[in-house]
Amino acid sequence: MAEKKIIAVVGATGAQGGGLVRAILNDKSSGFAARALTRDANSDKAKALAKLGAEVVAADVADLESLQRAFQGAYGAYCVTFFWNHFSPEKEGASATNMAKAAKAAGLQHVIWSTLEDTRKWVPLSDNRMPTLMGKYKVPHFDAKGEADHVFSDLGLPVTFLLTSFYWDNFIYFGMGPKKGPDGKLAITLPMGDKKLPGIAAEDIGRCAFGIFKRGREFIGKTVGIAGEHLTGAQMAAAFTQALGQEVRYNDVPADVYRSFGFPGAADLGNMFQFKRDFNDVFCGPRQPDFARSLNPVLQTFDAWLAQNKSRIPLA
Ligand SMILES: NC(=O)c1ccc[n+]([C@@H]2O[C@H](COP(=O)([O-])OP(=O)(O)OC[C@H]3O[C@@H](n4cnc5c(N)ncnc54)[C@H](OP(=O)(O)O)[C@@H]3O)[C@@H](O)[C@H]2O)c1
0 MAEKKIIAVV GATGAQGGGL VRAILNDKSS GFAARALTRD ANSDKAKALA
50 KLGAEVVAAD VADLESLQRA FQGAYGAYCV TFFWNHFSPE KEGASATNMA
100 KAAKAAGLQH VIWSTLEDTR KWVPLSDNRM PTLMGKYKVP HFDAKGEADH
150 VFSDLGLPVT FLLTSFYWDN FIYFGMGPKK GPDGKLAITL PMGDKKLPGI
200 AAEDIGRCAF GIFKRGREFI GKTVGIAGEH LTGAQMAAAF TQALGQEVRY
250 NDVPADVYRS FGFPGAADLG NMFQFKRDFN DVFCGPRQPD FARSLNPVLQ
300 TFDAWLAQNK SRIPLA
């Protein structure tokens, strides 16, 4: 039997990378093997991946040598950064640079870089529709990823730029789920007006990434976007109402109000939603669910995701 092509997966114990590792391990005949990168090979999550059949290797995106060791002998790598762990656009750039350098040193044949738009291409810093943050960003966690795209192409890497979408899992883990208002009614709060928000089940991102690796050279040098569905706040509220069996409203707030909520990252997320709202065609256009389904035939709709996950959504 031919040797399997190893995919080194950064963030393997997390949302995007975890989905990819499980997708690879669930497809025994694909010819691919999963190498799960983690900072702690002894954690419960890492051990669970080993038990499923992944090779678990220690690496930290801040440590170039550890990445070089972890990428050695692999066919490809899935590269993702962890903005919400450090809130630093500069660290995003440094991590991306380390992954690109390690990919080059290992001579990888296919790299997927999990990126997002540099929103400053559409909203220059001089544009006062939204505040400039940290001195030189509009949406720091987007801009830093988009800005890092060139480090992969400058090194001549065989890279696919993957534009991800809002995880519906944010309704479980990111404090964005339905909350009771002063009137006692549940509502989801988003500054999206009547515009559509491309969303996806986090687990489906890795499955789509696996679909990209399986298609060989087809998407090398290309930017591809994925989403499970594009839905307005009102449509998501209606789906919540149906799934939870109690009314959930859509609380549309101005982006300024969202930015003022005060939780860590509120201004960044307020600008992000405003970008998605005000440049809705730019944002939705490259993220077509039909295309994502061609990569991942089990792509979930929001209703399907809710049916699986509604009991995990904290209803404060
Ligand atoms: N939430 C959304 O809607 C959304 C949408 C699109 C894009 N994103 C982007 O997704 C990115 C995060 O990806 P994710 O959600 O898959 O992450 P995640 O679920 O938070 O998981 C991150 C995993 O990466 C590992 N990790 C953390 N720091 C590391 C480091 N320095 N070196 C190596 N591994 C490290 C951790 O594993 P160990 O502890 O095992 O090392 C952790 O389990 C963010 O940059 C965010 O901007 C998020």
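Residue numbers (numbering that gives the first Met the number 0): 0 to 315. All residues carry an ideal CB built from backbone N, CA and C; glycine is no exception. Bear in mind the structure is a predicted one, so any value in this text is a computation, not a measurement.
By the C-beta criterion, the segment 231-239 is judged not to be in contact with the segment 33-49, since fewer than 3 inter-stretch pairs fall below 8 angstroms.
Under the DSSP assignment, alanine 58 falls outside any alpha helix (DSSP H); it carries neither an H nor an E label. Ligand 1 never approaches threonine 118 closely enough for any of its heavy atoms to be under 7 angstroms from the residue's Cβ.
Within the same chain, and ignoring the five residues on either side of histidine 229 in sequence, the residues whose Cβ sits closer than 6 angstroms to its Cβ are Lys195, Pro197, Cys283. Look at the segment 141-227 and you find these whole runs of beta strand (DSSP E), each 3 residues long or longer: 158-162, 185-189, 195-199, 222-224. DSSP places asparagine 250 in the strand class (E or B) of the three-state scheme. In the DSSP secondary-structure assignment, alanine 35 is bridged to Val8, Val55.
For secondary structure counted as the alpha helix (DSSP H) over 4 or more consecutive residues, the segment 90-134 holds no complete run. Counting C-beta pairs closer than 8 angstroms gives three or more between the segment 74-82 and the segment 6-20, which meets the contact rule. By the Cβ neighbour-count rule, alanine 265 is exposed, with fewer than 16 other Cβ atoms within 10 Å of its own. In this structure, aspartate 203 sits near asparagine 295, with a CB-CB distance shorter than 8 angstroms. In this structure, ligand 1 has a non-hydrogen atom nearer than 7 angstroms to the beta-carbon of arginine 38.
Proline 263 and proline 177 have their C-alpha atoms some 19 angstroms from each other. In this structure, serine 42 has its beta carbon less than 7 angstroms from a heavy atom of ligand 1. Take the alpha-carbon of isoleucine 211 and the one of asparagine 25: they are about 16 angstroms apart.
The three-state reading of DSSP puts tyrosine 77 in strand, counting E and B together.
Taking C-beta separations shorter than 8 angstroms and ignoring five residues to either side along the sequence, the partners of glutamate 54 in its chain run Ile5, Ala32, Ala33, Arg34, Ala35, following chain order. Annotation for tryptophan 83 indicates a beta carbon within 7 angstroms of some heavy atom of ligand 1. In this structure, the beta-carbon distance from aspartate 267 to valine 122 does not fall below 8 angstroms.
Inside the segment 254-301, DSSP marks whole alpha helix (DSSP H) runs of 4 or more residues at positions 254-258, 265-277, 279-283, 288-294, from first to last along the chain. Counting of Cβ neighbours within 10 angstroms places histidine 109 among the buried residues, the total reaching 16 or more. Non-local beta-carbon contacts of alanine 73 in its own chain, meaning distances under 7 angstroms to residues more than five positions away in sequence, involve Ile5, Ile6, Ala7, Arg34, Ala105, Leu107 in chain order.
Of the heavy atoms belonging to ligand 1, at least one sits nearer than 7 angstroms to the Cβ of glycine 13. The segment 167-175 makes no contact with the segment 141-150, as fewer than three CB pairs between them are under 8 angstroms. Segment contact: the segment 214-229 against the segment 184-192, fewer than three CB-CB distances shorter than 8 angstroms; contact not assigned. In this structure, the beta-carbon distance from lysine 100 to leucine 63 falls below 8 angstroms. Looking at the backbone, the Cα of aspartate 193 and that of alanine 200 are separated by about 22 angstroms.
Alanine 291 is not a Cβ neighbour of leucine 19, given a cutoff of 8 angstroms.
The beta carbon of valine 252 sits closer than 8 angstroms to the beta carbons of Thr188, Leu189, Pro190 from its chain, once the five residues preceding and following it are set aside; these are given in chain order. Beta bridge pairing from DSSP links histidine 85 with no other residue. For a cut-off of 8 angstroms, the C-beta gap from arginine 276 to alanine 226 is around 16 angstroms, too long to register as a contact. Membership of valine 138 in any alpha helix (DSSP H) is not indicated, and neither H nor E is assigned to it by DSSP. In the displayed model, leucine 314 falls within coil according to three-state DSSP, outside both helix and strand.
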